[in-house]
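Chemist: Quick note: the sequence shown, position 45, residue 45 per the numbering used here, numbers continuous. Backbone N, C-alpha and C define an ideal beta-carbon position, used for all residues, glycine too. Just so we're clear, the structure is a prediction, and the values are computed from it rather than from any experiment.
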Amino acid sequence: MIGASVALASLWIGFGPETWDFDPSEVRAVPRVRASWHAVNRSDRASEPPPAITPRSRGWKTEEPDGRRASFESSSGRPDHDADASRDLQIHDLEPGSSPVESRHDDADAEQAEFRVQRRNWPPEIASAFERLEMAQRAAMMGLPIEAWRFDTVRAGYEEMLKTHRDNSSLHEEIRVRLASLSRLERGADAARKVDQILERSHQRDRALAQVASSLASEQRAQARAFHAIGMIQPSSKRNQGRKLYTLIGPNGSRRAYLDIPPGVEVENLISHRVGVRGAVNYDETLGSRLITVRDIEELSVQE
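#1: Asn-282 by DSSP, collapsed to three states: which one?
#2: Step through the CB atoms of chain B and report whether any lies within less than 9 Å of the CB of Glu-268.
#3: How is the beta strand (DSSP E) around Leu-291 delimited, first residue to last?
#4: Going by beta-carbon coordinates alone, are Leu-216 and Tyr-258 separated by less than 9 Å?
#5: Return the first residue and the last residue of the alpha helix (DSSP H) that Asp-152 is part of.
#6: Please determine, among Arg-256, Gln-211, Ile-146, Ile-297, the residue with the shortest C-alpha to C-alpha distance to Asn-269.
#7: Going by DSSP in three states, Leu-209 sits in which element: helix, strand or coil?
#8: Would you check if the distance between the CB atom of Ile-233 and the CB atom of Ile-198 is smaller than 9 Å?
#9: Using 9 Å as the threshold, is the C-beta distance between Leu-245 and Asp-260 below it?
#10: Does Leu-11 come out as helix, strand or coil in the three-state DSSP assignment?
#11: With a CB to CB cut of under 7 Å and the five nearest residues on each side skipped, what residues in its chain are close to Pro-235?
#12: Please work out which residues of its chain come closer than 7 Å, Cβ to Cβ, to Glu-147, disregarding the five sequence neighbours upstream and downstream, and give them in chain order.
#13: Between the alpha carbons of Ala-256 and Gln-241, how many angstroms are there, rounded?
#14: Just list the beta strand (DSSP E) runs in the stretch 197-268, keeping only unbroken ones of 3 residues or longer that don't cross its boundaries, in chain order.
#15: Roughly how many whole angstroms lie between the Cα atoms of Val-265 and Asn-252?
#16: Looking only at its own chain, which residues have a Cβ that is under 6 Å from the Cβ of Thr-293, when we skip the five neighbours before and after it?
#17: Helix, strand or coil, according to DSSP, for Ile-276 in the structure here?
#18: Can you give the beta carbon distance from Leu-185 to Phe-130, rounded, assuming they're within the 8 Å contact cut?
#19: How many angstroms separate the CA atom of Arg-155 from the CA atom of Arg-207?
#20: In whole angstroms, what separates the C-alpha of Glu-174 from that of Asn-168?
#21: How would you write the range of the alpha helix (DSSP H) that Pro-124 sits in, first residue to last?
#22: CB-CB under 8 Å to Leu-182, same chain, minus the five flanking residues each way: which ones, in chain order?
#23: With burial defined as no fewer than 16 other Cβ atoms inside 10 Å of the residue's Cβ, what is the status of Gly-250: buried or exposed?
#24: Check whether the Cβ atoms of Leu-133 and Arg-187 lie closer than 9 Å to each other.
#25: Grouping DSSP H, G and I as helix and E and B as strand, with all else coil, what is Leu-185?
#26: Indicate whether Phe-227 and Val-277 have their beta-carbon atoms separated by less than 9 Å.
#27: Would you mind stating whether Ile-126 and Leu-162 have Cβ atoms separated by less than 9 Å?
#28: Between the C-alpha atoms of Ala-180 and Glu-160, what's the straight-line distance to the nearest angstrom?
#29: By a C-beta neighbour count over all protein chains shown, 10 Å radius and 16 as the cutoff for buried, is Arg-231 buried or exposed?
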């Protein structure tokens, strides 16, 4: 008994000043706190083990062998020996076999727990309607891009439930929460559709511009490839206003035209090559043939 009492006394070290009451048969430390379990007849508790003292998140508690509990709390998480109110012990009688519960409950947590219980205990027809609408909502989203989400049927189902159960306030609150969540999904889907429309219009403009650019390039290539005469260039003994003329020979060996090459256009490396010629075309009576004042001359491959 003495060893158990000394062990109990050692558990109270750090609680603050103690007063020591010596008994011939035992030594015990009595903290200066008001604990109703000290008032229990000790003769009835002689064979019982001492109470277990365990720390809590915001205070301390002792659990009695018979299922009762004494506890006190302080704002610092430790016993406060300077304030009488924080030293008061509260005893809670518990049902046999039940576990101790906290003496304080956060109001918000209690309300949320009650709301969760209410959600689990809907009548069968309401629970079935909720399950059916949830399945419809998942089906409207599953495997589809966000811009394809449509919840018109789901929203209509919730609104019909509001009309059917007008007097059930907890059900109305639940449906309002679900409709608010549905509205957020719909706003996200609408935003995705708008972005998709903007991108599609941008792509259409890009395709139209690319088509116009391709058409212009084709026309330019066609104009660029339009030669006034094509043949093999050869030097000639003829002259025009003192400038040496060149002869353009066709595939059958006949002369197609004389070429008047202006200064700055190099043709010496094109002699005996097949070329295309652009320029001003006239008929010269003196030469008895067409005379092309060359603006541009381009070497061509044999296939062209």
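Modeler: In short, the structure shows the following:
#1: Residue 282 sits at position 282 when you count from the first residue of the sequence shown. Correct three-state label for Asn-282: strand.
#2: Absent from the structure is chain B; it holds one protein chain and no more.
#3: What you label residue 291 is simply residue 291 of the sequence shown in a count that begins at 1. Unbroken beta strand (DSSP E) run through Leu-291: 289-299.
#4: Within the sequence shown, numbered from 1, the residue matching residue 216 stands at position 216. Within the sequence shown, numbered from 1, the residue matching residue 258 stands at position 258. Not a contact, by the Cβ cut-off of 9 Å.
#5: Here residue 152 refers to the residue found at position 152 of the sequence shown. From DSSP, the alpha helix (DSSP H) with Asp-152 extends over 152-164.
#6: What you label residue 269 is simply residue 269 of the sequence shown in a count that begins at 1. Of the listed residues, the one whose Cα sits closest to Asn-269 is Ile-297.
#7: The sequence position of residue 209 within the sequence shown is 209, counting from 1. It is helical.
#8: Here residue 233 corresponds to residue number 233 of the sequence shown, with the count starting at 1. Here residue 198 corresponds to residue number 198 of the sequence shown, with the count starting at 1. No, Cβ-Cβ distance for Ile-233 and Ile-198 is not below 9 Å.
#9: As a position in the sequence shown, residue 245 is number 245, starting the count at 1. As a position in the sequence shown, residue 260 is number 260, starting the count at 1. Yes. Within cutoff.
#10: As a first step, residue 11 must be located in the sequence shown, where it is residue number 11. Unreliable placement is indicated for Leu-11, whose pLDDT of 45 sits below 50; the coordinate value is still reported in the next sentence. Looking at Leu-11 - three-state DSSP - the assignment turns out to be helix.
#11: As a first step, residue 235 is located in the sequence shown; it is residue number 235 there, counting from the start. Excluding sequence neighbours, Pro-235 sits near Tyr-246, Ile-271.
#12: What you label residue 147 is simply residue 147 of the sequence shown in a count that begins at 1. These residues qualify, in order along the chain: Ala-189, Ala-192, Arg-193, Asp-196.
#13: Here the question's residue 256 lines up with position 256 in the sequence shown. Here the question's residue 241 lines up with position 241 in the sequence shown. The sequence shown places Arg at residue 256, not Ala. Spanning the two alpha carbons is a distance of roughly 20 Å.
#14: 229-240, 243-249, 255-260
#15: For the purposes of this step, residue 265 is taken as the residue at position 265 of the sequence shown. For the purposes of this step, residue 252 is taken as the residue at position 252 of the sequence shown. So the alpha carbons of these two residues sit roughly 27 Å apart.
#16: The residue you call residue 293 lines up with position 293 of the sequence shown. Same-chain partners within the cutoff: Asp-260, Gly-279, Ala-280.
#17: Here the question's residue 276 lines up with position 276 in the sequence shown. Reading the sequence as shown, one finds Gly at residue 276 and not Ile. If DSSP states are grouped into helix, strand and coil, Gly-276 belongs with the strands.
#18: What you label residue 185 is simply residue 185 of the sequence shown in a count that begins at 1. What you label residue 130 is simply residue 130 of the sequence shown in a count that begins at 1. Not quite, the Cβ-Cβ distance comes to about 17 Å (not below 8 Å), so this is no contact.
#19: Along the sequence shown, one-based indexing puts residue 155 at 155. Along the sequence shown, one-based indexing puts residue 207 at 207. Approximately 39 Å between the Cα atoms of the pair.
#20: The sequence position of residue 174 within the sequence shown is 174, counting from 1. The sequence position of residue 168 within the sequence shown is 168, counting from 1. In a straight line, the C-alpha of Glu-174 is about 10 Å away from that of Asn-168.
#21: Within the sequence shown, numbered from 1, the residue matching residue 124 stands at position 124. Here the alpha helix (DSSP H) through Pro-124 covers 124-141.
#22: Here the question's residue 182 lines up with position 182 in the sequence shown. Taken in chain order, the residues that qualify are Gln-137, Phe-151, Val-154, Arg-155, Tyr-158.
#23: Translated into the one-based positions of the sequence shown, residue 250 becomes position 250. Gly-250 is exposed by the Cβ-count criterion.
#24: Looking up residue 133 in the sequence shown gives position 133. Looking up residue 187 in the sequence shown gives position 187. Cβ atoms of Leu-133 and Arg-187: not closer than 9 Å.
#25: Translated into the one-based positions of the sequence shown, residue 185 becomes position 185. Helix at Leu-185.
#26: Locating residue 227 in the sequence shown gives position 227, where the first residue counts as 1. Locating residue 277 in the sequence shown gives position 277, where the first residue counts as 1. Yes, the Cβ-Cβ distance between Phe-227 and Val-277 is below 9 Å.
#27: Taking the sequence shown and counting its residues from 1, one reaches residue 126 at position 126. Taking the sequence shown and counting its residues from 1, one reaches residue 162 at position 162. Not closer than 9 Å, so no.
#28: Counted from its first residue, the sequence shown places residue 180 at position 180. Counted from its first residue, the sequence shown places residue 160 at position 160. Taking the straight line joining both Cα atoms gives about 16 Å.
#29: Working through the sequence shown from its first residue, we reach residue 231 at position 231. Here the sequence assigns Gly to residue 231, which means Arg is not the residue at that position. Buried, by the Cβ-count rule.
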